[in-house]
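K.L.:
Read top to bottom, the protein sequences are chains A and B. With the working numbering, the residue at position 199 of the first sequence is 199, and numbering never jumps. With the working numbering, the residue at position 204 of the second sequence is 508, and numbering never jumps.
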Amino acid sequence: MERLRRYGFVAGFLVVPVALYSVFVISPYIQAFQLSLTSWNGYSSVVRYVGLDNFGRLLEDEVFWRALRNHGLLLLVLPIVTIVIALFLSFLLNLGGGTRGAGMKGVWGSTFYRVVYFFPQVLAVAVVGVLFQAVYRPDEDGVLNGVLGRFGVEPVGWLTEPGLALWSIMAVMVWQAVGFYVVLFSAGMAAIPRDYFEAAALDGAGRVRLFFSITLPLLRDTVQVGWIYLGIAAFDGFALILVLAGDKGEPDGATTILPVTIYKTAFAFNKVGYASAMGVALFFLTVTFAVLTLRTTRRERIEL
Amino acid sequence: MTAFVAGPGAGLLSACATAGGGGDPTAAPATSIAASADPKNPFGVDAKKPLEVVIFSGGYGDAYAKDLHEELYKKAFAGVSIKHTATQQIGTQLRPRFVGGDAPDVLNNSGPEAMDLVALAAEGHLADLAPLFDAPSVDEPGKKVRDTITPAVLDNAKIDGKDLVLNYTVSHRALWYNAKLFESRGWAVPKTWAEFTALGETAKKDGILLFAYPGQKGPYYQLWNVLYTAAKIGGNQVIIDLDNLVDNAWNAEPVKQAVTAWADVQAKYGDKAYFGLDHTQTQIKHLQNEVLFYPVGSWIENEMTKDIPLDFQYAIAPIPDVTAADKMPYGAIQVGVGENFVVAAKGKNPQGGLEYLRIMLSKEGAKGFTEKTKNLTVVNGAAEGVDLPAGLKSAAKAQDAAGENIITDARFEGWYKELFDYGTEQINVVMAGRITPEKFCANMQKKADAIKKDDAVAKQTRSQ
C-alpha cells in the first residue's frame, strides 16, 4: 500500500510529460517511418505505399552521399577541436594558476574569462549566422578580408571556395560551442578533490603532468558526454548552414548536409515520402553513433 | 512611349505568344462555375458569402489587395465581409489548409515557399479559370476578359491543358545599367559581343566591373540570363525544348555558346567576390557604379527605389549579339508574365474568387496596382496616364523596339523545381570556372533525363 501510494505519486507527475512527449516527439517519428514507405507529395489525400523504394533510391543519390561525407568530416573535426580547446581553457581557468597558498587556482581574471567564453552560447544561431556573414563577406567589406586587406592579401571567398566553406562554418560551430564545454568541464574539474593536485604538486608535477595524469582521467565521464553531444550536433547544423551557405550546398555541394537536404526535398521539391526516408536514415545514423560511442568508451567508474 | 501607353505590349506579345488552344473546350471539369446571364455578376456571387484572400507580402507588399482590390469587391457587393491575410510563408500556412479542405478563396502564390501548383492541380484544388477569361470584362461588358489582357496570360494559365493560373504582372528582363553614367562617359550601349567586351576593357580602367550577378541568393538571375542568351542565339525553340525535356536539349549548341560567352565575361571582367554576395549587396554596388550591367527584371527599380542616388537612372539594355548569325536580331528582350493568382476549387466561395480576379483585371484594379507597386499588369492599356519611373519607361521603349522579337520565359522553373534548383547551383559552378561549359550542359542534361524518367514527377508540355 505504502509502495503503491509512492509510485502513484511519482506516476501522477510523469503522466503529463510522457503524454506530451509521446504526442510531440514519438508520434512524429513513427509517422516519419510510415511516410518513408510512401511516395506522398504533401498535397494529395491518397497516400501510395512504395515499400523500400525510397531507401533504394537513397543509395544511388549523389546528394545523399555528399551530405554523408560532409557529416563525416564534421563528426571527425567538430568534437575533437571543441573538446581540446574547451579542456585547455577550463584547465587554465581552474588550475592553470598553479598552487598558491591554500590550493589550486585559475589564471588571473578567470571569473571574467568564464563569462566571456559563455557569450557565444547565449546568442541565437540565426544571430550568429548573420554575424558571421559579415565576418566572412567575400569582398573587401568583410571583417576578415578587411583585416587581411591591410596586409595586402586579396579578398578570400571564405564561404564560396569549395575547399574552405565547410571549414569556415566549422570554425563558427566550434566558436559557439566552446563556451558551453568550458563551463561543463569546469564543473567537472571542481568536483575533483583539491588534495590530489596538491599532493601531485608537492611531488613536483608540472601543469602538463597535472593535466594528463590527474585532470583528464578523472574528467573522463564528462568528456564522454560532451563527445556525444557534439557528435549529435555534427549531424545537425541546419540553421547555421542555411544562413551562411544557403540551401544549395554551395559551393559545389561542399556544405551539403542532410537536414537542409531533407527540408528542401520535402518543402521545395514536394517529395515528402523521400524526405522522410532521409530523415529515417539520419535517425539511425545518430542513434548508431551514440550507441557506438557509449559502447567503445565504457569503462569502470573511478570512485573519488 | 506612345505605343506603350496604348497597352503594355498587347500587339507585341500576341505575335510571339499566340493563345495556343486558349479556349480548349475539353477543359470543363467539375470545378467549372456556371456563368450567369447578368454581365455585372457573371458568376452569380452571393454577397452574404464571405471571401478570404491570401496575399504573399513580398516586393509588392499587400496594400494593393487590401486598399484597392478588396475595396472594389466590397463596393460591388454591399455588406460582404472579406478576410485578408498577408504572409511570407505561403507553403507553411496554406499546405495544411489545402490538404485539410479549408482553402482560402483567392491565393497569391509567390515567394520562397510558393506551393507546387502542378501538385495542387492534380488534386483538383484549383478552380478552372476558363469562365473568368470568357466572362464579360468589367469595363466593356461587350468584350470578354480574355480580349483585354496580354495573350501570354492565357498560355501561362495552363496546367495539364486547363486554365488554372492567372499571371497578373508583366516584367521585362535583360541587362540593367545606369543611363546617367553612360551619358556622362559618352559610352554607347553595346550591340555586339565585341563591343560588349571592349566596353569591359574601358570600364576596367575606371575600376568598374562589366558585369555581376548575386551569387549567394540570386544565382537564378544568371541562369535566366544564360537561357535568354541561348534563345537569342538559337531562337525560342531552345527554351521550349528545355521545358519539354527534349533529349539532349541542354547539349544544344546555342546553350553551350551562351554559357561559354558568359563564363568568359565572368573570368575576364567579373569579380569572384560576387559569388558570395546577396542581391541587395550586389544591387547596392550596382547603384554605386561598381558594376556596369546587372541581369534582372523590371521590378528592380521599385525594389531599390529608396536607395537610388541622384546620378543613377535605371535603364534596360538588350543582350548583345553573341554570334553574327543569332536567330533573334539585336533588341530582343524577355517580356514575361508573372505573379500567380489562383482560386480554390474546393473553397467556400469560388464564385467570389473568380469575381475578385475579374475585378483585378479591370482597368481600375490594374491601374491602381501599377500606381501602388510601380509595376505593370497584364491588362491592356491600364498604365495609361500613370506617371511611370524612368526605368520602367526604358523597358517599355525596349519592348517597342523589340517588336515581335520577344524571348520566352523558361517554364521548367515552375514545372520541375528540382531541375531549376540544380541549375541555379550549377550556374555558380560554371561561372566560377570550376567546370567547363560542356560539363555544365552535360550535368544539366543528366538531371533533366533523371526528371524525365521519374514517374513521381507529373510532366508538362508547351508548344509556344
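For every residue, glycine included, the Cβ atom is placed at its ideal position computed from N, Cα and C.
So if I threshold CB-CB distances at 8 Å, which residues from the region 34–60 of chain A count as touching chain D?
P.N.:
The question asks about chain D, but that chain is absent: this structure's protein chains are A and B.
K.L.:
Please state the DSSP three-state secondary structure of A/Arg298.
P.N.:
coil
K.L.:
Give me the chain B residues within the contact set of A/Asn270, using Cβ-Cβ distance strictly less than 8 Å, ordered along the chain.
P.N.:
Correct list: Asp420, Ala423 and Lys721.
K.L.:
Give the DSSP-derived three-state secondary structure of B/His429 in the structure shown.
P.N.:
coil
K.L.:
Any idea what DSSP makes of A/Leu202, helix, strand or coil?
P.N.:
A/Leu202 falls in the helix class under three-state DSSP.
K.L.:
Please report the distance separating the alpha-carbon of B/Gln270 from that of B/Ala694.
P.N.:
In the structure displayed, chain B extends from 305 to 768; residue 270 of chain B sits before or after that span and is not available.
K.L.:
Determine, using beta carbons only, whether A/Ala139 comes closer than 7 Å to chain B.
P.N.:
The sequence shown places Asp at residue 139 of chain A, rather than the Ala named in the question. Yes, because at least one Cβ of chain B sits closer than 7 Å to the Cβ of A/Asp139.
K.L.:
Under a three-way DSSP split, which group does B/Phe360 fall into?
P.N.:
strand
K.L.:
Report the rounded CA-to-CA distance for B/Lys462 versus B/Ala456, giving the unit in angstroms.
P.N.:
11 Å
K.L.:
Can you say whether B/Arg399 is buried or exposed, counting buried as having 16 or more other CB atoms within 10 angstroms of its CB?
P.N.:
buried
K.L.:
Consult DSSP for B/Asn606 and reduce its assignment to one of helix, strand or coil.
P.N.:
Looking at B/Asn606 - three-state DSSP - the assignment turns out to be helix.
K.L.:
Looking at C-beta atoms only, is the number of pairs between the region 435–444 of chain B and the region 381–391 of chain B that lie closer than 8 Å three or more?
P.N.:
Contact fails: fewer than three Cβ-Cβ distances are below 8 Å.
K.L.:
I'd like the span of the alpha helix (DSSP H) that includes B/Trp528, first residue to last.
P.N.:
Counting along the chain, the alpha helix (DSSP H) containing B/Trp528 begins and ends at Pro523 to Gly538.
K.L.:
Assuming B/Tyr598 is part of the alpha helix (DSSP H), what are its boundary residues?
P.N.:
Not the alpha helix (DSSP H): B/Tyr598 falls in the beta strand (DSSP E), residues Val595 to Gly601.
K.L.:
Give a yes or no on whether the minimum CB-CB distance between A/Gly129 and chain B is below 7 Å.
P.N.:
A/Gly129 has a beta carbon lying at 7 Å or more from every beta carbon in chain B.
K.L.:
Name the residues in the region 261–289 of chain A whose C-beta lies less than 9 Å from a C-beta of chain B; which are they?
P.N.:
Lys264, Thr265, Phe267, Ala268, Phe269, Asn270, Lys271, Gly273 and Tyr274
K.L.:
Going by the beta-carbon positions, is the gap between B/Gly651 and B/Leu355 smaller than 7 Å?
P.N.:
no
K.L.:
Rounded to whole angstroms, what's the CA-CA distance from A/Leu258 to A/Ala201? Just pull it up for me.
P.N.:
49 Å
K.L.:
Going by CA-CA distance only, name the one from A/Gly226, A/Ile26, A/Met278 and A/Gly12 that's closest to A/Ala187.
P.N.:
A/Gly226
K.L.:
Who are the neighbours of A/Asp252 on chain B, taking C-beta pairs under 7 Å?
P.N.:
Going along chain B in sequence order, the residues near A/Asp252 (Cβ under 7 Å) are Val733 and Arg738.
K.L.:
Roughly how many angstroms lie between the CA atoms of A/Val122 and A/Ile169, to the nearest whole one?
P.N.:
18 Å
K.L.:
Quick one: using the 10 Å Cβ neighbour count with 16 as the cut-off for buried, is B/Pro622 buried or exposed?
P.N.:
buried
K.L.:
For B/Val647, name the three-state secondary structure that DSSP assigns.
P.N.:
strand
K.L.:
Name, please, each residue of chain B whose Cβ falls closer than 7 Å to the Cβ of A/Leu159.
P.N.:
Gly580
K.L.:
So which residues on chain B does A/Lys248 lean against when the C-beta distance must stay under 9 Å?
P.N.:
Pro523, Asp725, Tyr726, Thr728, Glu729 and Asn732
K.L.:
Could you tell me whether the Cβ atoms of A/Ala177 and A/Thr265 are closer together than 7 Å?
P.N.:
no
K.L.:
Is there a Cβ of chain B sitting closer than 7 Å to that of A/Pro120, yes or no?
P.N.:
no
K.L.:
Classify A/Ser90: buried if its beta carbon has 16 or more other beta carbons within 10 angstroms, exposed otherwise.
P.N.:
buried
K.L.:
Have a look at A/Thr288 and B/Asp406 and give me their C-alpha separation to the nearest angstrom.
P.N.:
Between A/Thr288 and B/Asp406, the C-alpha separation is close to 42 Å.
K.L.:
Taking only beta carbons into account, state which residues of the region 432–463 of chain B come closer than 7 Å to chain A, listed in chain order.
P.N.:
Those residues of the region 432–463 of chain B that come within reach of chain A (Cβ to Cβ, closer than 7 Å) do not exist; the list is empty.
K.L.:
Are the C-beta atoms of A/Pro155 and some chain B residue less than 7 Å apart?
P.N.:
yes
K.L.:
What is the DSSP secondary structure of A/Trp158, counted as helix, strand or coil?
P.N.:
coil
K.L.:
What are the boundary residues of the alpha helix (DSSP H) that B/Arg399 is part of?
P.N.:
Ile394 to Val403
K.L.:
Starting from the beta carbon of B/Gly415, find every residue of chain A whose beta carbon is closer than 8 Å, and list them in chain order.
P.N.:
Residues of chain A passing the Cβ test: none, with the nearest at roughly 12 Å.
K.L.:
Between the beta-carbon of B/Ala434 and the beta-carbon of B/Asp467, is there less than 7 Å?
P.N.:
yes
K.L.:
Less than 7 Å between the beta carbons of B/Asn529 and B/Pro624, yes or no?
P.N.:
Not a contact, by the Cβ cut-off of 7 Å.
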